[in-house]
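Here's the structure, in structure tokens; my notes come after.
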Amino acid sequence: MIIRQAVYKDLRRAAKLFRVKDIHISPHSARKLYAVSEYRRTGSIERVKELLNHEDEAVTILYAMADQLERRRRKK
Numbered sequence: 009m010i011i012r013q014a015v016y017k018d019l020r021r022a023a024k025l026f027r028v029k030d031i032h033i034s035p036h037s038a039r040k041l042y043a044v045s046e047y048r049r050t051g052s053i054e055r056v057k058e059l060l061n062h063e064d065e066a067v068t069i070l071y072a073m074a075d076q077l078e079r080r081r082r083k084k
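Residue numbers (the numbering used here): 9 to 84.
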């Protein structure tokens, strides 16, 4: 079983390897990126909800639209 801390360390190592800077990389941010890309690919909130194992569609919408919400937040 892989624990969250091990995944976090692996993501940080990968970010360093690819020289990713100024972006916080974590399992949670990777999950949001996955949700955004899957929503863009399929256009289905229901599909993303199923993949992320969410019970509440409102939570899935926040994940699937995380990029748009972040853009709006930065404009303010």
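Ideal Cβ placement from N, Cα and C applies to all residues, glycine included.
| Item | Value |
| --- | --- |
| Which of helix, strand or coil DSSP assigns to residue 45 | helix |
| Reduced DSSP category for residue 53 - H, G, I as helix; E, B as strand; rest coil | helix |
| Of the residues 39, 29, 33, the one placed nearest residue 61, counting alpha carbons only | 39 |
| Opening and closing residue of the alpha helix (DSSP H) in which residue 83 lies | 74 to 83 |
| C-beta contact flag for residue 43 and residue 16 at 8 Å | no |
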